[in-house]
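Trainee: Under this note's numbering, the first residue of the sequence shown carries the number 1236, and numbering increases by one thereafter. For each residue, glycine too, the CB sits at the ideal point set by N, CA and C. Here the structure is a predicted model, which is why all the values come from computation and not from measurement. Provided herewith is a single structure, encoded as structure tokens, for subsequent inquiry.
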Amino acid sequence: MKLIDTHCHINTIIKKNFDTPLPDNFIELAQPIIQQAHSAGVTKIINVGTSLPESLNCVQLAKAFSKCYATLGIHPNDVKSGWQEELETFKKLLEDSSNKIVGIGEIGLDYHYPDFNKNLQYDAFKGQIELALEYNLPIVIHTRDAQQEVLDVLEQYKGNKLRGIIHCFSEDQAFADRAIALNFVLGIGGTLTYPKNKILRTLFGSIALESVVLETDAPFLPPQIIRGKPNSPAQIKTIAEFLAALRNQPIAAIAEQTTKNAEKLFGI
Ligand SMILES: [Zn+2]
């Protein structure tokens, strides 16, 4: 059985502070996490960038570990003025294939916190979508309290070969249908197992598996059975098992299709 964690932050698992470089002994720290994931059948891990420094860390991990890949992106809550210059640095990184960059993300809109800057988020989201299109890469979308606004942006690029993942899918069936029609797949992880998320379970219980990829978002969002503890990419197996039971399908079928979806989307 082969599984893929399409959304992980090993960089954040192995250090305390955000937006700082990886520690010198990062290989030593990341090795057991990747090994444990491998033992659970997780053969590929995509570390997703949230800022310029964290994107650089994702690239460093991708270069050090054959099982790791990187995405570059500025998270909507991390966008600062001057983001355009950070995109220039991204372009330099994208020119070197040894960096194993397979997507742009996480990018999007997050209107949850009261101090957000809507215009800045909007401009950076569009700028990064255009970067993805320039390099023909999929995007990883973070959206929170901004459903309609995100769909409106994606609609603007309809027919432009734009494709990607709605990360940590937590919207409704209508949003899912529109996202899928726009060439997106839905990323699902620990939140599926939380008791309150009945609507998600109904949705993922019946949706076509061709539109689903698995993700942990580790160290965040641990599945219910380890709630309160840090998450890790090995937990993809827990998510796959949960989804198999929910859909009354063998776990092998879940693994096969979701892995195929991720490999196709990211070209890995
Ligand atoms: Zn994330």
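Taking V1294 as the reference, give the member of F1439, T1426, G1338 and E1320 with the closest Cα.
Mentor: The residue given as residue 1294 occupies position 59 in the sequence shown. Selected option, being the one with the closest Cα: G1338.
Trainee: Helix, strand or coil for E1445 per DSSP?
Mentor: Reading the sequence shown from its first residue, position 210 is the one you call residue 1445. In the structure shown, E1445 sits in a helix (DSSP, three-state: H, G or I).
Trainee: Check whether the Cβ atoms of G1399 and G1362 lie closer than 9 Å to each other.
Mentor: The count along the sequence shown starts at 1 and reaches residue 1399 at position 164. The count along the sequence shown starts at 1 and reaches residue 1362 at position 127. The answer is no: Cβ separation not under 9 Å.
Trainee: Note down, in chain order, each residue of its chain lying with its Cβ closer than 6 Å to the Cβ of A1414, except the 5 sequence neighbours on either side.
Mentor: Within the sequence shown, the letter at position 179 stands for residue 1414. If we look at A1414 and ignore the five residues flanking it on each side, its Cβ neighbours are I1401.
Trainee: Could you pull the DSSP bridge partners for A1305 from this structure?
Mentor: Stepping through the sequence shown from its first residue, residue 1305 is reached at position 70. Bridge partners of A1305: N1282 and I1336.
Trainee: Start and end of the alpha helix (DSSP H) containing C1293?
Mentor: Counting from one through the sequence shown, the residue named residue 1293 turns up at place 58. Taken as a continuous stretch (DSSP letters only), the alpha helix (DSSP H) holding C1293 covers L1287 to A1299.
Trainee: Flag H1347 as yes when its Cβ comes closer than 8 Å to any non-hydrogen atom of ligand 1, and as no otherwise.
Mentor: Counting from one through the sequence shown, the residue named residue 1347 turns up at place 112. Flag unset: Cβ of H1347 not near ligand 1.
Trainee: For a quick check, are the C-beta atoms of L1481 and L1238 less than 9 Å apart?
Mentor: Taking the sequence shown and counting its residues from 1, one reaches residue 1481 at position 246. Taking the sequence shown and counting its residues from 1, one reaches residue 1238 at position 3. In this structure, L1238 does not lie closer than 9 Å to L1481 by Cβ.
Trainee: Between the C-alpha atoms of T1241 and T1278, what's the straight-line distance to the nearest angstrom?
Mentor: Position 6 of the sequence shown, counted from the first residue, corresponds to residue 1241. Position 43 of the sequence shown, counted from the first residue, corresponds to residue 1278. In a straight line, the C-alpha of T1241 is about 11 Å away from that of T1278.
Trainee: Kindly indicate which three-state DSSP category V1385 falls into: helix, strand or coil?
Mentor: Stepping through the sequence shown from its first residue, residue 1385 is reached at position 150. DSSP places V1385 in helix when its eight states are reduced to three.
Trainee: Within this structure, are the beta carbons of G1422 and L1456 separated by less than 9 Å?
Mentor: Sequence index remark: in the sequence shown, residue 1422 carries index 187 (1-based). Sequence index remark: in the sequence shown, residue 1456 carries index 221 (1-based). Going by C-beta atoms, G1422 is not nearer than 9 Å to L1456.
Trainee: Just how far apart, CA to CA, sit E1263 and Q1270?
Mentor: Residue numbering aside, residue 1263 sits at position 28 when the sequence shown is read from its first letter. Residue numbering aside, residue 1270 sits at position 35 when the sequence shown is read from its first letter. When rounded, the distance between both Cα atoms is 11 Å.
Trainee: Do you know how far the Cα of P1430 is from the Cα of K1335?
Mentor: Taking the first residue of the sequence shown as position 1, residue 1335 is located at position 100. Taking the first residue of the sequence shown as position 1, residue 1430 is located at position 195. Their backbone Cα atoms lie some 37 Å apart in a straight line.
Trainee: Which two residues bound the contiguous beta strand (DSSP E) that contains I1423?
Mentor: Counted from its first residue, the sequence shown places residue 1423 at position 188. Counting along the chain, the beta strand (DSSP E) containing I1423 begins and ends at F1419 to I1423.
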